[in-house]
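Have a look at the structure below before the remarks.
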Amino acid sequence: MIVEVLAVGTELLLGQIVNSNATRIGEHLADAGLEHYQQTVVGDNEARIVAAITAACDRADAVIITGGLGPTQDDLTREAMARAAGVELVFDEEQADRLRERWRMRGRVMPETNLQQAERPDGSILIANPKGTAPGIRMKIEETWVIALPGVPAEMIPMLETDVIPFLRGDDHSV
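Using the working numbering, the first residue of the sequence shown is number 278, and each one after it goes up by one.
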């Protein structure tokens, strides 16, 4: 299986943050015996993210995207995945309830913008994020598995280790 990595974030392009996720994902893919030929970084622009996803899907059997899943205006990965797949975003009420409960447990009021993290491309599944509020997303776009993870390394790495790598190495690829 050929896996490509796509990092989303203008801060990466501007050198404001080092893309340590690329190194960690590369190590995990190599340790799992998965082929990994290319990594791409794209800024927070929906059309460019869609183009990068589409190009990666043409080259790889699976694409791991990091970043762009937060609750802010520049977090566009969900929308770009939906557009690349030709599907709409759907609201996941169970995820919204998880978000509300997480904020309630912290004793804080959840900003309504966080409900953006309960949206997902139609036909996708959410990947639990035990360390943060942004769930991952897994879906098939034509013949390619596209998996989006948060850009925060402390959130991304556990999800990579417990869900993504086992999924990519396994035989069961149903959504």
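Even for Gly, the Cβ is constructed at its ideal location relative to N, Cα and C.
These figures come from a predicted structure and were not determined experimentally.
DSSP bridge partner residues for residue i (one or two, in chain order)
{"i": "glutamine 316", "result": "Val282"}
{"i": "lysine 417", "result": "Trp422"}
{"i": "arginine 397", "result": "Val367"}
{"i": "isoleucine 404", "result": "Gly413"}
Under 8 angstroms between C-beta atoms of residue i and residue j
{"i": "leucine 283", "j": "valine 340", "result": "yes"}
{"i": "isoleucine 424", "j": "isoleucine 342", "result": "yes"}
{"i": "glutamate 432", "j": "glycine 400", "result": "no"}
{"i": "histidine 219", "j": "glutamate 420", "result": "Because the chain in this structure spans residues 278 to 452, residue 219 falls outside the shown range and cannot be described."}
{"i": "glutamate 323", "j": "alanine 357", "result": "yes"}
{"i": "aspartate 440", "j": "isoleucine 402", "result": "no"}
{"i": "isoleucine 330", "j": "alanine 361", "result": "yes"}
For residue j and residue i, believed in contact at Cβ under 8 angstroms, the rounded distance
{"i": "proline 407", "j": "arginine 355", "result": "Not a contact, Cβ separation roughly 20 angstroms."}
{"i": "glycine 413", "j": "asparagine 298", "result": "Actually they do not touch by this definition, with Cβ atoms about 13 angstroms apart."}
Q: Within the segment 326-369, note down every full beta strand (DSSP E) run reaching 3 residues or more, in order along the chain.
A: 339-343 and 366-368
Q) Should the segment 329-338 be called in touch with the segment 364-374, which here means at least 3 C-beta pairs below 8 angstroms? A) no
Q) So, do the segment 344-353 and the segment 284-291 have three or more beta carbon pairs nearer to each other than 8 angstroms? A) yes
Q) Pairing CB atoms from the segment 291-311 with CB atoms from the segment 372-386, are three or more of them under 8 angstroms? A) no
Q) Should the segment 313-331 be regarded as contacting the segment 375-382, the criterion being three or more beta carbon pairs within less than 8 angstroms? A) no
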